[in-house]
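Colleague:
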């Protein structure tokens, strides 16, 4: 079926007219109708608009007008991205009737290259949470377990589930402390957190102006790169992959890995997958060196928390302080902490961020990228989540230090749940991060595996 193909193949078949965009969109809409009552990825599906856009794409393609590899390809959006005339809920019933008056720049960019917006996806309220639950609007199901409702990761929960459940070939999310990479890891797909500001945030609701990035979900790094290229044209002097991309060479490159002290709490399955991934890069000719981050994981958490909570409550002070408004129990208490952070501590956190960033840049001199696990464990049951201990131990490093990063699937635990490998690169080296991810995926098949979603007969 067309929904089993990656974007590269879909784009080629659409261009060669072996597949029609209307058929492709109809296939996705049929799967959404069959499975999304169970998976709960979408908050809104724009069926008629998507079919109209698909027919328009087919007309252009029939006339020999090809706008690029995303022409006719459906994409889903996290519901904090504006589309004029549509609600932007930010994951909250408070904003169910908040109608956007503009369309986000990134949406316009996607539409200009022929991509088709399928709909908006569920998310953690106000993007505040990396586990994925939403008390008021429902929690998407991780597609890798039909029997147990496991967390999908957040805050871009619905976007990850839409791709993992084959309800969209790609989706857009945002990442403040891991909100693309964590759900990508838990859901067994690829998630790109670009450098802050690389993808336009105009028309995107922001949790933290310092830490937020707009990110991309896809099955593979190659697919994520196609979406990234549509949104971020290459700049002069920016790193580019070798002209002979089919080689995907890495011999002679230096990659960093974490010392044992930074891996003490990692589950056995995640640790085993991490060591195998590091060994794979070594076998391909990369030199592996140990990189010790310039602070403990607890210190990274504290500094990131001071910035995120302070800027977050500034963004959503009305919603947090009006106790009559329906805010999730896992969101309001944590965000209200920001009101208790004095200005001097917030400014100190920003200065500490600058110091840590300089220290990390010094340690990564000559190092193409740093390899870490994406999360400590695989996806937990929803009932076992500890909201006071978010699963962003490794991902928040990238946000705080203004790095870019990719999470790729790199294994399974004994229950068949995905593990993830994070590849962090210096800020601005987004295409290098994607290249390193593509190298990994040229030699593994984890990204080709698909969750076998079987909704119960009574799920509708």
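Numbering (our numbering), first residue to last: 223 to 682. C-beta atoms are modelled at their ideal positions from N, C-alpha and C, and glycine is treated no differently.
1) If I follow the unbroken beta strand (DSSP E) through residue 280, where does it start and stop?
2) Can you tell me which of the three DSSP states residue 617 falls into?
3) Can you tell me which of the three DSSP states residue 258 falls into?
4) Classify residue 234 as helix, strand or coil using the three-state DSSP reduction.
5) Where residue 225 and residue 394 are concerned, what is the direct C-alpha to C-alpha distance, given to the nearest angstrom?
6) Could you spell out where the beta strand (DSSP E) holding residue 439 opens and where it closes?
7) Report yes if the C-beta distance between residue 331 and residue 444 is below 9 Å; otherwise report no.
8) Considering only the beta carbon of each residue, do residue 380 and residue 344 sit closer than 9 Å?
9) Pick out whichever of 634, 658, 246, 659 has its Cα sitting closest to the Cα of residue 671.
10) Among 519, 540, 563, 612, whose alpha-carbon lies nearest the alpha-carbon of residue 594?
11) Give the DSSP bridge partners of residue 298, in chain order.
12) Under the DSSP definition of a beta bridge, which residues are partnered with residue 266?
13) If you count every other CB in all the chains shown that lies within 10 Å of the CB of residue 259, and 16 or more means buried, which is it?
14) What residue range does the alpha helix (DSSP H) around residue 490 cover?
15) Are the Cβ atoms of residue 308 and residue 297 separated by less than 9 Å?
16) Looking only at its own chain, which residues have a Cβ that is under 8 Å from the Cβ of residue 292, when we skip the five neighbours before and after it?
17) Going by the CB atoms, is the gap between residue 653 and residue 623 shorter than 9 Å?
18) What is the DSSP secondary structure of residue 573, counted as helix, strand or coil?
19) Taking only three categories from DSSP, how would you classify residue 478?
20) Between the segment 430–437 and the segment 409–421, can you find at least three pairs of beta-carbon atoms closer than 8 Å?
21) Report back the beta-carbon spacing between residue 280 and residue 244 to the nearest angstrom; my notes put them in contact at under 8 Å.
22) For residue 537, name the three-state secondary structure that DSSP assigns.
23) Could you give the DSSP three-state label for residue 678: helix, strand or coil?
24) Could you tell me which residues DSSP puts in a beta bridge with residue 644?
25) Determine the DSSP secondary structure at residue 316, reduced to helix, strand or coil.
26) Is the beta carbon of residue 669 closer than 9 Å to that of residue 411?
27) If you measure between the beta carbons of residue 578 and residue 517, is that distance less than 9 Å?
28) For my contact list, residue 533 and residue 432 are in at a C-beta cut-off of 8 Å; report their separation, rounded to the angstrom.
29) Go ahead and pull the three-state DSSP assignment for residue 245.
30) Check residue 417 in the structure and name its three-state DSSP category.
31) DSSP on residue 660, reduced to helix/strand/coil?
32) Measuring CB atoms only, is the segment 491–507 touching the segment 534–546, in the sense that at least three cross pairs come out at less than 8 Å?
33) Can you list, in chain order, the residues of its chain with a C-beta nearer than 7 Å to that of residue 548? Leave out the 5 residues immediately preceding and following it.
34) Write down the C-beta distance between residue 477 and residue 591 rounded to the nearest angstrom, noting that I regard them as a contact closer than 8 Å.
35) Thinking C-alpha only, which one of 584, 479, 324 is nearest residue 509?
36) How many Å lie between residue 354 and residue 286 at the Cα?
Modeller: Taking the structure as given:
1) Within the chain shown, residue 280 is the residue found at index 58, counting from 1. That residue, residue 280, is in no beta strand (DSSP E); its alpha helix (DSSP H) goes 269–284.
2) For this step, residue 617 is matched to residue 395 along the chain shown. Helix, per DSSP.
3) Here residue 258 refers to the residue found at position 36 when the chain shown is read from its first residue. Here residue 258 sits in helix by DSSP.
4) On the chain shown, position 12 is the one that residue 234 refers to. Three-state result, residue 234: helix.
5) What you label residue 225 is simply residue 3 of the chain shown in a count that begins at 1. What you label residue 394 is simply residue 172 of the chain shown in a count that begins at 1. If you take the alpha carbons of residue 225 and residue 394, they lie about 18 Å apart.
6) Walking along the chain shown from the start, residue 439 turns up at place 217. In the DSSP annotation of this structure, the continuous segment of the beta strand (DSSP E) that includes residue 439 starts and ends at 435–440.
7) Here residue 331 refers to the residue found at position 109 when the chain shown is read from its first residue. Here residue 444 refers to the residue found at position 222 when the chain shown is read from its first residue. Taking 9 Å as the Cβ cut-off, residue 331 and residue 444 do not qualify as a contacting pair.
8) As a first step, residue 380 is located in the chain shown; it is residue number 158 there, counting from the start. As a first step, residue 344 is located in the chain shown; it is residue number 122 there, counting from the start. Contact: yes.
9) The residue you call residue 671 lines up with position 449 of the chain shown. If we check each option's Cα against that of residue 671, 634 comes out closest.
10) Stepping through the chain shown from its first residue, residue 594 is reached at position 372. Nearest of 519, 540, 563, 612 to residue 594, Cα basis: 519.
11) What you label residue 298 is simply residue 76 of the chain shown in a count that begins at 1. According to DSSP, residue 298 bridges with 341, 393.
12) Locating residue 266 in the chain shown gives position 44, counting from the first residue. 342.
13) As a working note, residue 259 is residue 37 in the chain shown. Answer is exposed; the Cβ neighbour count stays below 16.
14) Residue 490 sits at position 268 when you count from the first residue of the chain shown. Counting along the chain, the alpha helix (DSSP H) containing residue 490 begins and ends at 490–505.
15) As a working mapping, residue 308 is identified with position 86 in the chain shown. As a working mapping, residue 297 is identified with position 75 in the chain shown. The Cβ-Cβ distance between residue 308 and residue 297 does not fall below 9 Å.
16) On the chain shown, position 70 is the one that residue 292 refers to. Around residue 292: 229, 233, 332, 335, 336, 337, 448, 449, 452.
17) Start at 1 with the first residue of the chain shown, and residue 623 comes out as number 401. Start at 1 with the first residue of the chain shown, and residue 653 comes out as number 431. No, the pair does not count as a contact, with Cβ atoms beyond the cut-off.
18) Reading the chain shown from its first residue, position 351 is the one you call residue 573. Note: residue 573 maps to helix in three-state DSSP.
19) To locate residue 478, count along the chain shown from 1; it is residue 256. Note: residue 478 maps to strand in three-state DSSP.
20) Because the criterion of three Cβ pairs below 8 Å is met, the segment 409–421 and the segment 430–437 touch.
21) For the purposes of this step, residue 280 is taken as residue 58 along the chain shown, with counting starting at 1. For the purposes of this step, residue 244 is taken as residue 22 along the chain shown, with counting starting at 1. That belief holds up - the Cβ atoms of residue 280 and residue 244 are roughly 6 Å apart, short of 8 Å.
22) Against the chain shown, residue 537 aligns to sequence position 315. In this structure, residue 537 counts as helix in the three-state DSSP scheme.
23) Translated into the one-based positions of the chain shown, residue 678 becomes position 456. Coil at residue 678, not helix or strand.
24) Within the chain shown, the letter at position 422 stands for residue 644. 594, 629.
25) For the purposes of this step, residue 316 is taken as the residue at position 94 of the chain shown. Of the three classes helix, strand and coil, the one that applies to residue 316 here is helix, per DSSP.
26) On the chain shown, residue 411 is found 189 positions in, with the first residue counted as 1. On the chain shown, residue 669 is found 447 positions in, with the first residue counted as 1. Cβ atoms of residue 411 and residue 669: closer than 9 Å.
27) The residue you call residue 578 lines up with position 356 of the chain shown. The residue you call residue 517 lines up with position 295 of the chain shown. Yes.
28) Here residue 533 refers to the residue found at position 311 of the chain shown. Here residue 432 refers to the residue found at position 210 of the chain shown. Confirmed, about 6 Å.
29) Here residue 245 refers to the residue found at position 23 of the chain shown. Correct three-state label for residue 245: helix.
30) What you label residue 417 is simply residue 195 of the chain shown in a count that begins at 1. Note: residue 417 maps to coil in three-state DSSP.
31) Counting from 1 along the chain shown, the entry for residue 660 is found at position 438. Looking at residue 660 - three-state DSSP - the assignment turns out to be helix.
32) no
33) Taking the chain shown and counting its residues from 1, one reaches residue 548 at position 326. The answer, listed in chain order, is 315, 316, 358.
34) By 1-based counting over the chain shown, the position of residue 477 is 255. By 1-based counting over the chain shown, the position of residue 591 is 369. So it is a contact: roughly 6 Å between Cβ atoms.
35) For the purposes of this step, residue 509 is identified with residue 287 of the chain shown, where counting begins at 1. The shortest C-alpha separation from residue 509 is found at 479.
36) Walking along the chain shown from the start, residue 354 turns up at place 132. Walking along the chain shown from the start, residue 286 turns up at place 64. Between residue 354 and residue 286, the C-alpha separation is close to 43 Å.
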